[in-house]
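Visitor: Can you read through this structure? Questions will come right after.
Protein chains in written order, with our numbering: chain A, 1 to 198; chain B, 1 to 415.
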């Protein structure tokens with residue numbers, strides 16, 4: 001019993017310490033939601049066939065800047081990770097498909113539909129989990145969104161329409177400067193949790 | 001600052017910059033160094049810029065307004081600075097001018113007007129600046145709308161002489177807006193012509209403080225934020241009598257409740273209801289770049305100017321240049337972020353700017369939180385410009401400060 005009490009006390013102190021390091025957690029969570037909103041904006045734009053190919057490829061380049069490693073393998077606390085990835089689902093096939101983010105964006109630009117319309121949760125409505133410390137100077141949180149995909153055929157009629165729930169991993173790296181800490185928010189893996197046909 | 005010093009001119013990246021005759025001029029004079037109220041006024045300045053100036057600028061962008069900020073605080077805060085800024089102020093017929101003072105003030109027993117004299121950190125009687133004089137001076141420049149606000153005490157000061165004019169010679173600082181909020185706030189500033197003079201207390205009264213988000217701030221500015229929020233969200237009509245009436249009620253109620261004191265805001269609007277239309281289509285022509293004049297020949301000593309504190313030293317030269325740079329980057333960033341331009345034109349403008357200013361590409365842009373100075377992002381200017389030029393979510397960018405190699409910004413998102 002004593003061991004359990006000591007363990008509980010240790011966990012409470014640990015949690016309090018972790019949170020004490022972040023001075024303005026709410027501001028950082030809002031920033032994470034803004035970054036996810038920007039990702040959604042880029043996804044919508046990359047899929048928009050009304051924009052030129054050159055413009056959409058430019059968006060791809062800028063979108064990758066939102067992610068840790070900018071779409072390349074990255075390191076946290078000395079541990080190496082593969083490039084961030086996007087999970088996609090389809091009501092026409094079981095399971096999820098995981099694609100490196102850069103490749104996913106390329107695929108998005110080259111979708112075979114005549115027109116594509118992708119809508120996602122507005123920034124103000126994005127739910128964000130609390131911050132969790134994963135290393136000395138890195139925290140993590142998760143943003144939850146819904147993404148509606150509508151693809152049109154050559155005849156202008158909808159060929160595919162679904163809505164998917166997604167979780168977006170967000171990393172917050174704390175860097176100490178002369179004045180005060182900087183919290184650098186970057187996006188991580190995007191996982192798909194549920195898809196339904198519309 | 002070395003890189004920025006070479007940019008003390010405006011590059012005309014957009015037709016709206018070259019063709020727009022509409023500017024909102026903010027002249028803010030805030031006493032952040034006073035030993036008694038300096039720290040309170042530091043917070044007042046932050047709140048004023050984050051919660052009022054930033055959102056008003058974002059709303060007025062829709063009406064074709066660019067922004068000119070004259071942010072006088074710290075060691076630049078002086079009666080001479082006030083006189084010089086007003087003397088140098090150039091106003092076009094469709095411009096809006098907002099003067100906002102936060103600091104000590106008072107009145108003479110012999111003053112015949114109800115408006116206070118602003119102390120501007122001086123102990124010399126002849127250097128107090130009458131709010132009435134500021135009001136007259138700005139009105140005399142014939143802006144479309146002039147709003148003159150003195151947040152200071154209006155109590156009697158022994159030995160202070162009556163004044164209605166200056167008596168010294170010159171020798172001598174995470175938001176999300178939806179379309180309705182933008183429209184409501186813009187209407188308040190563009191549906192009216194004329195002028196308003198306001199002081200935060202009536203003759204014989206002091207102006208007190210309240211807690212706002214658990215920090216002490218002058219009651220007037222705190223209540224002004226709440227009323228501004230009320231206008232944005234439709235609880236208060238975008239009408240100056242209703243808006244300032246709400247502020248007056250809030251200040252009176254809160255000072256009575258929390259401090260058991262009387263404080264009565266007084267204001268006198270002389271306005272006609274004259275809604276302004278949005279600028280015509282030519283404002284959205286392809287952005288063009290003018291030739292860039294030679295860089296400044298004699299750079300002054302560079303002093304970093306970080307986020308303001310009561311003890312922060314500022315040289316007149318470096319802070320005047322800072323204001324110019326802030327206005328320049330404000331203008332440029334807001335053009336690039338304007339999704340009213342075509343996507344490829346914004347991208348071309350961003351690329352042109354970076355190509356012509358390659359020495360700036362690695363300057364850091366620090367993004368601050370919506371309601372605080374927490375630093376929540378850092379990008380090179382190259383990456384920042386690329387991001388804002390490709391976003392369809394931004395209502396506005398506010399440059400909060402420039403500090404030797406870093407630009408601090410806040411991003412306002414459209415709902």
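All residues carry an ideal CB built from backbone N, CA and C; glycine is no exception.
Could you name the residues of chain B that residue 65/A contacts, counting a contact when the two beta carbons are closer than 8 Å?
Guide: Going along chain B in sequence order, the residues near residue 65/A (Cβ under 8 Å) are 379, 383, 386, 387.
Visitor: Measure the Cβ-Cβ separation of residue 432/B and residue 65/B and say whether it is below 7 Å.
Guide: The question about residue 432/B has no answer, for chain B in this structure spans 1 to 415.
Visitor: Please report whether the beta-carbon of residue 393/B lies at a distance below 7 Å from any beta-carbon of chain A.
Guide: With 7 Å as the cut-off, residue 393/B counts as an interface residue toward chain A.
Visitor: Which same chain residues end up closer than 8 Å to residue 262/B when comparing Cβ atoms and leaving out the 5 residues on each side of it in sequence?
Guide: If we look at residue 262/B and ignore the five residues flanking it on each side, its Cβ neighbours are 205, 252, 255, 256.
Visitor: Alpha carbon to alpha carbon, how far is residue 137/B from residue 84/B? Give it in angstroms, no decimals.
Guide: Those two C-alpha atoms are separated by around 12 Å.
Visitor: Quick one: complete alpha helix (DSSP H) runs, 4+ long, within the segment 85-167 of chain B?
Guide: Fully enclosed alpha helix (DSSP H) runs of 4 or longer: 131-140.
Visitor: For residue 243/B, return the contacting residues in chain A, with the cut-off set at a CB-CB distance below 9 Å.
Guide: Chain A residues near residue 243/B: none, gap ~25 Å exceeds 9 Å.
Visitor: Measuring only the C-alpha atoms, how far is residue 12/B from residue 359/B?
Guide: Confidence in residue 12/B is poor, its pLDDT being 41 and thus under 50, which makes the residue's placement unreliable; the coordinate value appears in the next sentence. Answer to the nearest angstrom: the Cα atoms are 19 Å apart.
Visitor: Pop quiz: residue 185/A and residue 86/A are said to be a contact at Cβ under 8 Å. What is the actual Cβ separation, rounded to whole angstroms?
Guide: Incorrect: roughly 18 Å between the Cβ atoms, too far for contact.
Visitor: To the nearest whole angstrom, what separates the beta carbons of residue 77/B and residue 120/B, a pair I think is in contact under 8 Å?
Guide: The pair is a contact, with the Cβ atoms about 7 Å apart (cut-off 8 Å).
Visitor: Can you tell me whether residue 110/B is buried or exposed, with buried defined as 16 or more other CB within 10 angstroms of its CB?
Guide: Exposed, since its Cβ has fewer than 16 Cβ neighbours within 10 Å.
Visitor: Looking at C-alpha atoms only, which residue of 362/B, 403/B, 183/B, 347/B is the closest neighbour of residue 199/A?
Guide: No statement about residue 199/A is possible, as the shown extent of chain A runs from 1 to 198 and does not include it.
Visitor: Check whether the segment 163-181 of chain A touches the segment 132-150 of chain A, counting contact only when three or more Cβ pairs, one atom from each stretch, lie closer than 8 Å.
Guide: Result yes; three or more Cβ-Cβ pairs closer than 8 Å.
Visitor: If residue 75/B and residue 161/B are in contact, beta carbons under 8 Å, what's the gap, nearest whole angstrom?
Guide: The Cβ separation is near 27 Å, so there is no contact.
Visitor: Can you give me the C-alpha to C-alpha distance between residue 365/B and residue 223/B, rounded to a whole angstrom?
Guide: Those two C-alpha atoms are separated by around 32 Å.
Visitor: Under 9 Å, CB to CB, which of the residues in the segment 48-59 of chain A have a partner in chain B?
Guide: Result list: 51, 52, 54, 55, 58, 59.
Visitor: My understanding is that residue 31/A touches residue 377/B, with C-beta atoms under 8 Å, so please give their C-beta distance in whole angstroms.
Guide: The pair is a contact, with the Cβ atoms about 7 Å apart (cut-off 8 Å).
Visitor: Where does residue 274/B land, buried or exposed, given buried means 16+ other C-beta within 10 angstroms?
Guide: With fewer than 16 other Cβ atoms within 10 Å, it is exposed.
Visitor: Between which two residues does the alpha helix (DSSP H) containing residue 195/B stretch?
Guide: No alpha helix (DSSP H) contains residue 195/B, which is instead part of the beta strand (DSSP E) from 192-199.
Visitor: Excluding five sequence neighbours on each side, which residues of the same chain lie with their C-beta closer than 7 Å to the C-beta of residue 135/A?
Guide: Taken in chain order, the residues that qualify are 76, 77.
Visitor: Using a Cβ-Cβ cut-off of 7 Å, state whether residue 183/A counts as contacting chain B.
Guide: With 7 Å as the cut-off, residue 183/A counts as an interface residue toward chain B.
Visitor: Mind checking if residue 105/A is an interface residue toward chain B, Cβ cutoff 7 Å exclusive?
Guide: Not an interface residue.
Visitor: In the DSSP assignment, the alpha helix (DSSP H) including residue 39/A goes from what residue to what residue?
Guide: That run of the alpha helix (DSSP H) goes 25-47.
Visitor: Which partner residues of residue 152/A appear in the DSSP bridge assignment?
Guide: According to DSSP, which records beta bridges pairwise, residue 152/A is partnered with 115/A, 158/A.
Visitor: Between residue 186/A and chain B, is the shortest Cβ-Cβ distance under 7 Å, so that the two count as touching?
Guide: Judged by the 7 Å Cβ criterion, residue 186/A is not in contact with chain B.
Visitor: How about the segment 207-222 of chain B and the segment 29-48 of chain B: do they share at least three Cβ pairs that are nearer than 8 Å?
Guide: Yes: the two stretches touch, three or more of their Cβ pairs being nearer than 8 Å.
Visitor: Which of helix, strand or coil does DSSP assign to residue 176/A?
Guide: Looking at residue 176/A - three-state DSSP - the assignment turns out to be strand.
Visitor: Where does residue 290/B land, buried or exposed, given buried means 16+ other C-beta within 10 angstroms?
Guide: Unreliable positioning characterises residue 290/B in this predicted model, as indicated by a pLDDT of 32, which lies under 50. The coordinate reading is nonetheless provided below. Classification of residue 290/B: exposed, given that the 10 Å Cβ count is below 16.
Visitor: Between residue 72/B and chain A, is there a C-beta pair that is closer than 7 Å?
Guide: Answer no: the Cβ-Cβ gap between residue 72/B and chain A never drops below 7 Å.
Visitor: From residue 286/B to residue 331/B, what does the alpha carbon distance come to, in whole angstroms?
Guide: At residue 286/B the pLDDT is 45, less than 50, meaning the model places this residue with poor confidence; the figure from the coordinates comes in the next sentence. In a straight line, the C-alpha of residue 286/B is about 16 Å away from that of residue 331/B.
Visitor: Within 10 angstroms of its Cβ, does residue 382/B collect 16 or more other Cβ (buried), or is it exposed?
Guide: Looking at its Cβ environment, which holds 16 or more other Cβ atoms inside 10 Å, residue 382/B is buried.
Visitor: Could you check how far apart the C-beta atoms of residue 183/A and residue 374/B are, in whole angstroms? I think they sit under 8 Å.
Guide: Residue 183/A to residue 374/B, Cβ: 7 Å. Contact.
Visitor: In this structure, how does DSSP classify residue 194/A when only helix, strand and coil are distinguished?
Guide: The answer is strand: DSSP assigns residue 194/A an E or B state.
Visitor: Closest to residue 132/B by C-alpha separation, out of 191/B, 197/B, 176/B, 177/B, would be which residue?
Guide: Measuring from the Cα of residue 132/B, the nearest candidate turns out to be 197/B.
Visitor: So, helix, strand or coil for residue 415/B, using DSSP?
Guide: Note: residue 415/B maps to coil in three-state DSSP.
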